[in-house]
Amino acid sequence: MLRNVLGEYDAELLAQFDELREDVIVASNTRNNDTAEAASVAAAGLEKASDLLDNSSLKDATMLSRAFTVYFHLANLCEENYRVAVLKNREWEVDTRSATDPVNELTVAYKRLIDEVGVAGANELLEKLEFHPVFTAHPTEARRKAVEGKIRRIATFLDERDRTGGSERAEIDRRLHSEIDSLFRTSPIGLKKPTPVEEADTVINVFDTTLFSVIPNVYRRFDDWILGSKAGTVPPVCPAFFHPGSWVGSDRDGNPNVTAKVSRQVARKYYDHMVTKLAEATRKTATRLTVESATTPPSDEMKALWSRQKEMSERLTSRADIISTSEPHRAAMLVMADRLEATVERDADLMYTSADDFLADLRVIQRSLAEAGAVRIAYGDIQALIWRVETFGFHMVEMEFRQHSLVHSRALEDIREHGLHGERGPLQPMTVEVLDTFRAIGWIQRRHGRKAAGRYLISFSKSAQHVRDVYELNRLAFANPADAPVLDVIPLFEQLEDLDNSVSVLDDMIKIPEVQQRLKQTGRRMEVMLGYSDSSKDAGPTSATLALHRAQEKIAKWAKENDIDVTLFHGRGGAVGRGGGPANRAVLAQPVGSVNCRFKLTEQGEVIFARYGNRTLATRHVESVAAATLLQSAPSVEKTNTEMTEKFAPMAQALDESSHERFLDLLQSDDFAPWFSIVTPLTEVGLLPIGSRPAKRGLGAKSLDDLRTIPWVFSWSQARINLAAWYGLGTACEKFGDLATLREAYKSWPLFNTFIDNIEMSLAKTDERIARMYLSMGDREDLSEKVLHEMELTHKWVLAIKDEDWTLQHSRTLGMMVKLRSPYVDALSIAQVRALKTLRRRVDKEELSESQIGDYIYLILCTVSGVSAGLQNTG
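Anchor point for the sequence shown: position 281 equals 1047 in the working numbering, and the numbering is continuous, going up by one each time.
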């Protein structure tokens, strides 16, 4: 269909597309064949592809890049469609008489817990279960929203096509052609950066597309298997364990566009949307609740609810009574739906003051129906509504605020110098904004409830004083202390030194009066966040992985000694260099005591779309992570993690030291930062309108320290080097030299197994030939050879550890996906690097007009979008 569309647009463009495609396929098919003849064929194919792009006009090169980008969007949909089909086929083949549903990992984990700790022990762990994804606006999703919408429509048509035939299928094919044509003709680059308020639409879209319907279904699927024929007729077993959070509109670390005003707008946007959805669901449920009082008499409690509703509004109850004569449960729920609508409108006489009040009314309806024998309704439709309220409340997502520790300390210095109200001179605008932020949190809590916004994270937490600063600013922002919001202040340890010193900081932190008060109020629960991104950029991927593991061990041990129920919050990105990889395997590899049946992580960029964009895949993701979170507390898993961590500690230390030394040797090379910006599209990535946050923190630094990890990782992936994911490991393994021990660690230590697999996946997406093209732009042979030598060394050792001849050899599906994609990514990479070379050479010589410069930048941005779609986990 794509070829049809390209041919209709321009026959010559289709011919170029086919020719380029054939050239890069020839060049790629010999990738795992190291004979001289194969190398010659590959080089010829690559040269032909380069020549074709060299001889193309700027316009043709741009349209070719857009064509290949569309190809990847469609390929991604085909793979998604395949995954869904495989999962559904597995569901069909399940024997419903078995003790567990092998497709539903959560039931498998629960059954295993029963085998290891008994029913009572398993149920105790199940009650503690929490999966807390936090959606962020980190700009690693290179698709514009208009493109994303078209992709979703194509996905819907593709799904419908599988279930139709004849003229109906022909009509769907016509629509698919039309939508693909529109996708190709739509610029892949947004016209402007989104505002933080607009970014909230991403979260809302995920909520509408999947979460609102998927999450109750996840709970129900578990109940169906565990309770069997009793499911839906008795109180549920599955707790509402899914608790989504959001940084969108509240993460102000380095983003001047997120203001107190914006946070209020986003909070209201979430709240109004959530309550509206609940009102619609409640009215829909009420419409079906036609049981009459003769067959299903209301309980006394239910009658009391109706009386309270009549006292509240004669108008609403009279209208409901007319619609539902002799159907009291239906009438009461219609009034409840009206009250939810009044809640959105802020009608003080009718609105619900909190989600708990609405939940209480739902439970009255449920109990009344159950007492009257209508248990299937009580624990069916009504329970689905209850699960939604328990999961999302009225706030939809729990907004979490984040700011850099330096901003707080500077604000306090400003206040001490000029006075809280500027008595001795005007306060800095940033100080005013910091105080306004706390006032915004107070407003959100008063209006939407404490759960709507109660967490405050401190980036670059280096001491307990940074926590004290937040509590002091929170007090200073309010004339009346009673107006100050209740805050859980969470330190974020992200650099290597901070991870190593985390326990010392926590020791001082729990002496702070406000922290002690919160510990009493929460049953001694507290959160600590670990940053995967900056630790990786700071120390290299190997050292960061091991440092994070050590920190979790130490914090878990510290929490146990201090009788604190700690939740570790993992600041993971999509790319391996930012903690990416399968979340369920990551959970199972955590140290003992660091999970405690609760897993919290950031979900961002392309990962959100991949994990939550399709209902079937979202269901599987949630079940898979929840299962791992539950299973991590199994004695057998704890035993393995503990013993293997101790056994391979000497090996880990050796790898840590050597890889860290190698990583710093590269980063501390003379003029490394400007070289990095030349050999990757770093500057151009910063021009992508894919997020409201700037690429730099804006705190005055002028080096790599100032660069955010996202463009650091993103740029290396665009250059087909992925350095942030693996650099230093090859040298470390070479120096360690004991292949037998490395292989044993891979087979028996979950942490090392997951680490090596993630690196292998990242290496599979590199390409030395393409990398050389990018590195040649830097005119630094010494740095280029360091990178290429380390890449070769890491390839060698990863393959040796896994006993493979080529990357992903034993991963049939993933290996095939990467192999099929690579040639097409190569085409975009060649177009990108040649455009970069031309642009930089001609700009230096002042040979291009402003208009021409803009055209070249647009071409580069198109290829950036396409490479991202092709590689997928880029950020």
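Ideal Cβ placement from N, Cα and C applies to all residues, glycine included.
All of these numbers come straight from a predicted model, not from anything done at the bench.
Along the chain, where does the beta strand (DSSP E) containing residue i start, and where does it finish?
i: residue 773; result: Unbroken run through residue 773 is the alpha helix (DSSP H), 768 to 775; no beta strand (DSSP E).
i: residue 1169; result: 1164 to 1170
i: residue 1613; result: Taken as a continuous stretch (DSSP letters only), residue 1613 belongs to no beta strand (DSSP E), as it is neither H nor E.
i: residue 1219; result: 1219 to 1225
i: residue 1336; result: 1331 to 1337
i: residue 1257; result: 1254 to 1259
i: residue 1291; result: 1291 to 1297
i: residue 900; result: 896 to 901
DSSP three-state call for residue i: helix, strand or coil?
i: residue 1112; result: coil
i: residue 1241; result: helix
i: residue 1377; result: helix
i: residue 1034; result: helix
i: residue 1020; result: coil
i: residue 838; result: helix
i: residue 1011; result: strand
i: residue 862; result: coil
i: residue 1675; result: As shown, the chain starts at 767 and ends at 1641. That puts residue 1675 outside it, with no answer to give.
i: residue 979; result: helix
i: residue 1246; result: coil
i: residue 782; result: helix
i: residue 1228; result: coil
i: residue 1118; result: coil
i: residue 872; result: helix
i: residue 795; result: helix
i: residue 1191; result: coil
Got a sec? Which residues, its chain only, sit under 8 Å from residue i by beta carbon, not counting five neighbours each side?
i: residue 818; result: 782, 785, 786, 789
i: residue 1361; result: 1334, 1353, 1395, 1398, 1399
i: residue 1525; result: 1307, 1342, 1491, 1492, 1495, 1560, 1564
i: residue 1135; result: 1057, 1062, 1095, 1141, 1143, 1144, 1148
i: residue 1215; result: 1120, 1121, 1159, 1160, 1161
i: residue 843; result: 917, 920, 921, 924
i: residue 1594; result: 831, 834, 835, 1629, 1632, 1633, 1636
Can the beta-carbon of residue i be found closer than 9 Å to that of residue j?
i: residue 1516; j: residue 1410; result: yes
i: residue 1099; j: residue 1055; result: yes
i: residue 1172; j: residue 1259; result: no
i: residue 1349; j: residue 1365; result: yes
i: residue 1145; j: residue 1003; result: no
i: residue 1262; j: residue 1305; result: yes
i: residue 1432; j: residue 1500; result: no
i: residue 1257; j: residue 1268; result: yes
i: residue 1291; j: residue 1330; result: yes
i: residue 1071; j: residue 1392; result: no
i: residue 1373; j: residue 1485; result: no
For residue i, which residues of its own chain have a beta-carbon under 7 Å away from its beta-carbon, when the five flanking residues on both sides are left out?
i: residue 860; result: 867, 868, 869
i: residue 1079; result: 1116
i: residue 811; result: 789, 790, 792, 793
i: residue 1584; result: 1530, 1531, 1574
Considering residue i, what are the terminal residues of the alpha helix (DSSP H) in which it resides?
i: residue 1642; result: Residue coverage of the chain in this structure runs from 767 to 1641, which leaves residue 1642 outside it and unanswerable.
i: residue 911; result: 911 to 927
i: residue 1287; result: 1279 to 1287
i: residue 1267; result: Residue 1267 -> no alpha helix (DSSP H), and no H or E assigned at all.
i: residue 765; result: In the structure as shown, the chain starts at 767 and stops at 1641, and residue 765 therefore has no counterpart that could be examined.
i: residue 1354; result: 1349 to 1354
i: residue 1150; result: 1147 to 1158
i: residue 1638; result: From DSSP, residue 1638 is part of no alpha helix (DSSP H); its letter is neither H nor E.
i: residue 1210; result: 1195 to 1214
i: residue 1161; result: Careful: residue 1161 lies outside any alpha helix (DSSP H) and carries neither H nor E.
i: residue 974; result: First-last for residue 974: undefined, no H or E at that position.
i: residue 1077; result: 1066 to 1078
i: residue 957; result: Residue 957 -> no alpha helix (DSSP H), and no H or E assigned at all.
i: residue 1307; result: 1307 to 1327
Among the residues of its own chain, which have a CB less than 6 Å from the CB of residue i, if the five just before and after it don't count?
i: residue 1378; result: 972, 976, 1384
i: residue 824; result: 1621
i: residue 1014; result: 903, 965, 966, 969
i: residue 1319; result: 1357
Using 8 Å as the cut-off, classify the Cβ of residue i as near or not near the heavy atoms of the ligand NAD, replying yes or no.
i: residue 1125; result: Looking for the ligand NAD in the displayed structure turns up nothing, as the structure carries no ligands at all.
Segments assigned alpha helix (DSSP H), at least 4 residues, entirely inside the segment 1375 to 1455:
Secondary structure in the segment 1375 to 1455: the alpha helix (DSSP H) runs of 4 residues or longer, each lying completely within the stretch, are 1381 to 1397, 1401 to 1413, 1415 to 1433, 1438 to 1445, 1448 to 1451 in chain order.
Scan the segment 1492 to 1580 and note each continuous alpha helix (DSSP H) run of 4 residues or more that stays entirely inside, going in chain order.
1495 to 1502, 1505 to 1514, 1516 to 1530, 1534 to 1541, 1547 to 1568
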